[in-house]
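Student:
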Amino acid sequence: MSKPYVVGIDIGGTNTVFGIVDARGNVIASNSIKTAKHSKIEDYVNELSAELMRLIEANDAVGKIHGIGIGAPNANYFSGQIIDAANLPWRGVIPFADMVSAKFGIPVTITNDANAAAIGEMTYGAARGLKDFIMITLGTGVGSGIVVNGQLVYGHDGFAGELGHVIVKRTNGRACGCGRTGCLETYCSATGVARTAREFLEIRKEPSLLRNLQIEDITSKDVYDAAMAGDKIANEIFEYTGKILGEAIADFINFSSPEAIVLFGGLARAGELLTRPIREAMEKNTLFCYKGKTRLLLSELKESDAAVLGASALGWEAK
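Per this note's numbering: the sequence shown ends with 327, consecutive numbering throughout.
1) For D106 and P81, which I take to be in contact (beta-carbon distance under 8 Å), what is that distance rounded to the nearest angstrom?
2) Any idea what DSSP makes of R203, helix, strand or coil?
3) Pick out whichever of E214, E210, P215 has its Cα sitting closest to the Cα of D223.
4) The ligand SAM heavy atoms versus the CB of V155: any closer than 6 Å?
5) Just to confirm before moving on: does the CB-CB distance between A319 and D18 stay below 7 Å?
6) Going residue by residue through the region 157-205, where are the continuous alpha helix (DSSP H) segments of at least 4 residues, counting only ones entirely within it?
7) Three or more C-beta pairs under 8 Å: does that hold for the region 215-232 against the region 160-174?
8) Which first and last residues belong to the beta strand (DSSP E) in which T24 is found?
9) What three-state label does DSSP hand I286 in the structure shown?
10) Find the nearest neighbour of I226 within the set N157, P115, L271, A205, judged by alpha-carbon distance.
11) Run through the DSSP bridge pairs and tell me what G151 is partnered with.
12) By the DSSP assignment, the beta strand (DSSP E) with D18 in it spans what residues?
13) At a cut of 8 Å, does the region 272-290 reach the region 191-204 through at least three beta carbon pairs?
14) Taking 6 Å as the limit between beta carbons, can you name the residues of its chain near T249, skipping five residues before and five after?
15) Flag this pair as touching only if the region 101-120 and the region 73-88 have three or more C-beta atom pairs under 8 Å; answer yes or no.
16) Looking only at its chain, what residues have a beta carbon closer than 6 Å to the beta carbon of A44, apart from the 5 residues adjacent to it on each side?
17) My guess is that F86 and G166 are in contact by the Cβ rule of under 8 Å, so how many angstroms apart are they, rounded?
18) Locate the beta strand (DSSP E) running through R303, then write down its first and last residues.
19) Applying the criterion that 16 or more other CB atoms from any shown protein chain within 10 Å of the CB defines a buried residue, is V70 buried or exposed?
20) When DSSP builds the beta bridges, which residues end up paired with N95?
21) Going by Cα to Cα distance, which pick from G158, S152, V156 is closest to V174?
22) What do you get for D51, buried or exposed, if any count of 16 or more other CB atoms within 10 angstroms of its CB means buried?
23) Consult DSSP for A135 and reduce its assignment to one of helix, strand or coil.
24) Given that a residue counts as buried once 16 or more other Cβ atoms are within 10 Å of its Cβ, and exposed if not, what is T179?
This is how it looks when you write it as C-alpha cells:
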C-alpha cells in the first residue's frame, strides 16, 4: 500500500481529538486541541491543521496519508458540511470537509460524530459482529448512531439519527442549544447532569457534599464523586438521569428492535450508578414483544480512540 495511513478527527463540544491510524486499526499517534478556543471557524481550522501537520511530521507520515475522516456534530456525510451544530461555537453552513482538504491536498470524508463512534465500536469494540444496534454518546451533548442490517442510517438528507434531540419533556422542558425545549440532551448529557444538580440543590434542603462547591461550577464528575461517597442527592441525580434515558431508550427499541444499545462517552463511565436505573426504566417501558431482547452494553474502546478509529475508517473511503 503506497499510502499506509489515514487520519481520524473527532470534533467534540469541548475537545477535538485527532490521530494517525494504520490499516490494522492501530492509532499510531494522537493529540488534541480545544474546540471552542476560536470564535472564527477559519482560525480553528488553521490551528487544527497546524497541530495535525506537526503530528504527521513527527511520525514520518508526510506523503503517506491516504485520506482524512472526520466525525463532528451535525456533519453531513453527503455534502461534507457542518450545519448549525448546537454544541459548537460556529453557526451556519460550514463546508468543513472542503476546508480541511484544501489545507492538506488530501481527500476528506465527514460524518456525524456519533456515527463515527458507532463505526469504531462496530469494527473494534462491543458491537463487533452486531448488525443492528444503537450507539448513544453521552458527552457534552447526547449523540447517536443507528445501525440497521450492518449499515449506518443516514436518511435521505444525511441527518438521520439525532436521538439526542428527541423531546422527552413536552411541558416546561429545558432550553436546548438546538433552539427547542425538552430535548433528551438537556437531561442526559454531562451538562444535563450538572443542570439537574443545580436544580436539585435549589429545591431540596437536605445536606449534600455538592453544597461545598460553587453551584454554577458543579460538573457531572463532581456529582459522580459525591455519589460514590454515598451522597443521597447525588445518587438521586443519577436515578433521575437514568430513568429519563431508559424511558427514551425503550422508545428507540420500539422503532428499530436493536440487538444492543451501546453507551459511550464520559458520562457512561459512571457505570452502575447510571446503567441500573437505565436498565430498570428501559425494561419497564419497552413494548412486551421486545422485552429482554436488547442488551445494554458499555463501550469497550477508550473514549478518545472510538471516534478517532471510526472517523479514520471514513478516510479509507475518501476519494
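We put the beta carbon where it would ideally sit given N, CA and C, even for glycine. No experiment lies behind these values; they were computed from the predicted model shown.
Tutor: This is what the structure gives:
1) For the purposes of this step, residue 106 is taken as residue 98 along the sequence shown, with counting starting at 1. For the purposes of this step, residue 81 is taken as residue 73 along the sequence shown, with counting starting at 1. Contact between D106 and P81 does not hold, since the beta-carbon distance rounds to 18 Å and is not under 8 Å.
2) Within the sequence shown, residue 203 is the residue found at index 195, counting from 1. It is helical.
3) For this step, residue 223 is matched to residue 215 along the sequence shown. Before going on, a small fix: residue 223 reads as Ile here, not Asp. Looking at the Cα atoms, E210 is the closest of the given residues.
4) Inclusion of the ligand SAM in the displayed structure is not the case, the ligand content being empty and no account of it being possible.
5) By one-based count along the sequence shown, residue 319 stands at place 311. By one-based count along the sequence shown, residue 18 stands at place 10. Yes. Within cutoff.
6) Taking only runs of at least 4 residues, the alpha helix (DSSP H) segments lying wholly in the region 157-205 are 193-196.
7) As far as the Cβ criterion goes, the region 215-232 does not touch the region 160-174, which means the pair count is below three.
8) By 1-based counting over the sequence shown, the position of residue 24 is 16. For T24, the uninterrupted beta strand (DSSP E) run begins and ends at 23-30, by DSSP.
9) Position 278 of the sequence shown, counted from the first residue, corresponds to residue 286. In the structure shown, the three-state DSSP call for I286 is helix.
10) Translated into the one-based positions of the sequence shown, residue 226 becomes position 218. It is A205 whose Cα lies nearest to the Cα of I226.
11) In the sequence shown, residue 151 corresponds to position 143, counting from 1. For G151, which the question treats as bridged, DSSP gives the partners T145.
12) Counting from one through the sequence shown, the residue named residue 18 turns up at place 10. Looking at the DSSP string, the run of the beta strand (DSSP E) that includes D18 is 13-19.
13) Three or more Cβ pairs drawn from the region 272-290 and the region 191-204 lie within less than 8 Å of each other, which places the two stretches in contact.
14) For the purposes of this step, residue 249 is taken as residue 241 along the sequence shown, with counting starting at 1. Cβ neighbours of T249 beyond the five flanking positions: C196, V201.
15) Output reads yes: the region 73-88 touches the region 101-120.
16) Taking the sequence shown and counting its residues from 1, one reaches residue 44 at position 36. Same-chain partners within the cutoff: P97.
17) Here residue 86 is taken as the residue at index 78 of the sequence shown, counted from 1. Here residue 166 is taken as the residue at index 158 of the sequence shown, counted from 1. A Cβ-Cβ distance of about 4 Å is found for the pair F86 and G166, placing them in contact under the 8 Å criterion.
18) Working through the sequence shown from its first residue, we reach residue 303 at position 295. Residues 303-306.
19) The residue you call residue 70 lines up with position 62 of the sequence shown. Looking at its Cβ environment, which holds fewer than 16 other Cβ atoms inside 10 Å, V70 is exposed.
20) Walking along the sequence shown from the start, residue 95 turns up at place 87. Per DSSP, none; premise fails for N95.
21) Position 166 of the sequence shown, counted from the first residue, corresponds to residue 174. Of the listed residues, the one whose Cα sits closest to V174 is S152.
22) Position 43 of the sequence shown, counted from the start, is the residue given in the question as residue 51. That one is exposed.
23) By one-based count along the sequence shown, residue 135 stands at place 127. Coil.
24) Stepping through the sequence shown from its first residue, residue 179 is reached at position 171. With fewer than 16 other Cβ atoms inside 10 Å of its own Cβ, T179 counts as exposed.
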